[in-house]
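Trainee: Below you'll find the structure I mean.
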Amino acid sequence: MSQILIIYTGGTIGMMTDPITKVLVPINFEQIMDNVPELEKLNCKIKVHSFEQIIDSSNMNPQVWSELAGLIEASYDEVDGFVILHGSDTMAYTASALSFMLQNLDKPVIFTGSQLPISAVRTDAKENLMTAIEIAKAKKNDKSRVPEVCIYFDYKLFRGNRAFKYNSSKFEAFRSPNYPILAESGVHLRFSANDIRQPGEGPLKVHNNLVSDVAVLKLYPGISPKVVETILGADVRGIVMETFGAGNTTTDQWFIDLLKAAIDAGKVILDISQCKVGTVELGRYETSKELKDMGIASGFDMTFEAAVTKMMYLLGEIDDPQEVKRCLEKDLRGELTES
1 MSQILIIYTG GTIGMMTDPI TKVLVPINFE QIMDNVPELE KLNCKIKVHS FEQIIDSSNM
61 NPQVWSELAG LIEASYDEVD GFVILHGSDT MAYTASALSF MLQNLDKPVI FTGSQLPISA
121 VRTDAKENLM TAIEIAKAKK NDKSRVPEVC IYFDYKLFRG NRAFKYNSSK FEAFRSPNYP
181 ILAESGVHLR FSANDIRQPG EGPLKVHNNL VSDVAVLKLY PGISPKVVET ILGADVRGIV
241 METFGAGNTT TDQWFIDLLK AAIDAGKVIL DISQCKVGTV ELGRYETSKE LKDMGIASGF
301 DMTFEAAVTK MMYLLGEIDD PQEVKRCLEK DLRGELTES
């Protein structure tokens, strides 16, 4: 019989309306189980680890990611898969971070949550939780069907570092426009085997040394030199720059000079598009040719969440800025489509 570890961090799925104040307050996992008696019908043993202090996902941070990675590492040989209950607001960040932190993962780590509390009449929590467990225990030829960090929401399974939350009011909260879904739940649970990443060779290796010295520069028409100089001059090692279209920026000389100065100071700059669909193509237009020539890294079709967490991961592993740049442009965990 399969064994699944559920890690309960918090989120809407574990909320209940206080009868007096009428506001949502966190509940313990035993109360979640009371609302989903169907869990007993699943053909698996369920272990539960509940965070001592249930947290709102808006308070998520690299320290919590390290705690999650440690819990997975500690139970890795004892269970067949993991389901992490997490608030949807920052779920894509946590899933992306863990995808980089868990090298050679060969078991499912499935994030899920809900848009309505599990106690609500029309809740999406029950289906999300039940199917996430089904996916976590699914095997073929005695091997896990999805040996990846994933997000399951509203009948679809996404690669964790390819998804982002796009809607706060629909059950269909997540999308992955640049990569196919890995499975879909209907009358049958159908896996897209050709799109599922195969595990690397060797035992699980956990990387906990994330460096959060990362700044974000989001461009907009009319951005002032003062704003750009402040961000590029911040005491950080990496900068994620959100650009226009296929990776384009203004060609004003003051802007180019500031970028060059940041790179000369040893900072790594990663170019990702503000567009949700498509990829960065440095050098395709004149407005991005100088970026490529000066050594700015292309983020290709990475999500913002994957870009930020990948930068944190690489800065924790590598000191040389040029090697960080090379690895940013390389597909490490299925997070980008190499050009």
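Here UniProt numbering is used: the first residue of the sequence shown is 1, the next is one more, and so on.
Beta carbons are placed, not taken as given, at the ideal position from N, Cα and C, and that holds for glycine.
1) Distance check for VAL227 and SER212, CA to CA, integer angstroms please.
2) In this structure, what does DSSP give as the bridge partners for TYR179?
3) Determine the DSSP secondary structure at PHE304, reduced to helix, strand or coil.
4) Could you check if LYS156 is buried or exposed, using at least 16 other CB atoms within 10 Å of its CB as the buried criterion?
5) Have a look at PRO177, HIS188 and ILE256 and flag the residue whose alpha-carbon is nearest the alpha-carbon of PRO225.
6) Tell me whether GLY113 is buried or exposed, calling it buried when 16 or more other Cβ atoms sit within 10 Å of its Cβ.
7) Buried or exposed: GLY115, going by 16 or more other Cβ atoms within 10 Å of its Cβ?
8) Threshold first: 4 residues or longer. Then list the alpha helix (DSSP H) segments lying entirely within the stretch 168 to 244, N to C.
9) Compare the C-alpha of ILE54 against each of SER66, PRO62 and ILE13 and name the closest.
10) Assuming MET16 and VAL25 form a contact by the criterion Cβ under 8 Å, report the distance between their Cβ atoms to the nearest whole angstrom.
11) Do the stretch 158 to 178 and the stretch 295 to 305 meet, that is, are 3 or more Cβ pairs less than 8 Å apart?
12) So LYS41 packs on GLN3, CB below 8 Å; how close in whole Å?
13) With C-beta atoms as the reference, is ALA69 less than 8 Å away from LEU105?
14) How big is the Cα-Cα spacing for residue 389 and CYS275?
15) How should PRO180 be labelled, buried or exposed, when 16 other C-beta atoms within 10 angstroms of its C-beta is the threshold for buried?
16) Using C-beta distances below 6 Å, list every residue in its chain close to THR279, excluding the 5 sequence neighbours before and after it, in chain order.
17) Look at the Cβ atom of PHE111, then the Cβ atom of THR123, and state whether they are nearer than 8 Å.
18) Is there contact here, the stretch 233 to 253 with the stretch 280 to 293, by at least three beta-carbon pairs under 8 Å?
19) Using DSSP bridges, identify the partner residues of THR17.
20) In angstroms, rounded to a whole number, what distance separates the CA positions of MET312 and LEU210?
21) Mind checking whether LEU328 and ALA297 have CB atoms under 8 Å apart?
22) Which partner residues does HIS49 have in the DSSP bridge list?
23) Within the same chain, show all residues whose beta-carbon is closer than 6 Å to that of SER50, passing over the 5 residues directly before and after it, in chain order.
24) Along the beta strand (DSSP E) that carries THR94, what are the first and last residues, could you check?
25) Using CA coordinates, which residue listed in LYS205, PRO108 and LEU204 is at the minimum distance from ILE133?
Mentor: A quick look at the data gives this:
1) Approximately 21 Å, taken between the alpha carbons.
2) Paired residue(s): none; TYR179 is not in a bridge.
3) Helix at PHE304.
4) Taking all protein chains in view, the Cβ of LYS156 is crowded by 16 or more other Cβ atoms within 10 Å, so the residue is classified as buried.
5) Of the listed residues, the one whose Cα sits closest to PRO225 is ILE256.
6) Buried is the label assigned to GLY113, since at least 16 other Cβ atoms lie within 10 Å of its Cβ.
7) Correcting the residue type first, residue 115 is Gln in the shown sequence and not Gly. It is buried - the Cβ of GLN115 has at least 16 other Cβ atoms within 10 Å.
8) Fully contained in the stretch 168 to 244 are the following alpha helix (DSSP H) runs of length 4 or more, in chain order: 225 to 232.
9) Relative to the Cα of ILE54, the nearest Cα in the group SER66, PRO62 and ILE13 belongs to ILE13.
10) Their Cβ separation, rounded to whole angstroms, is 6 Å, which keeps MET16 and VAL25 in contact under 8 Å.
11) Yes, they touch.
12) About 16 Å separates the two Cβ atoms, so there is no contact after all.
13) The answer is no: Cβ separation not under 8 Å.
14) The question about residue 389 has no answer, for the chain in this structure spans 1 to 339.
15) Answer is exposed; the Cβ neighbour count stays below 16.
16) Around THR279: PHE300 and ASP301.
17) It is not a contact, given that the beta carbons lie outside the stated cut-off.
18) The stretch 233 to 253 makes contact with the stretch 280 to 293: 3 or more CB pairs, one atom from each, lie closer than 8 Å.
19) The partner list for THR17 (beta bridge, DSSP) reads LEU24.
20) Near 5 Å, if we compare the C-alpha coordinates of LEU210 and MET312.
21) Going by C-beta atoms, LEU328 is nearer than 8 Å to ALA297.
22) As DSSP reads the structure, HIS49 sits in a beta bridge with ILE7.
23) Cβ-Cβ distances below 6 Å link SER50 to TYR8 and PHE29 in the same chain, with the five nearest sequence neighbours on each side left out; the list follows chain order.
24) For THR94, there is no enclosing beta strand (DSSP E); the residue is part of the alpha helix (DSSP H) that begins and ends at 91 to 101.
25) The closest CA to that of ILE133, considering only LYS205, PRO108 and LEU204, is found on PRO108.
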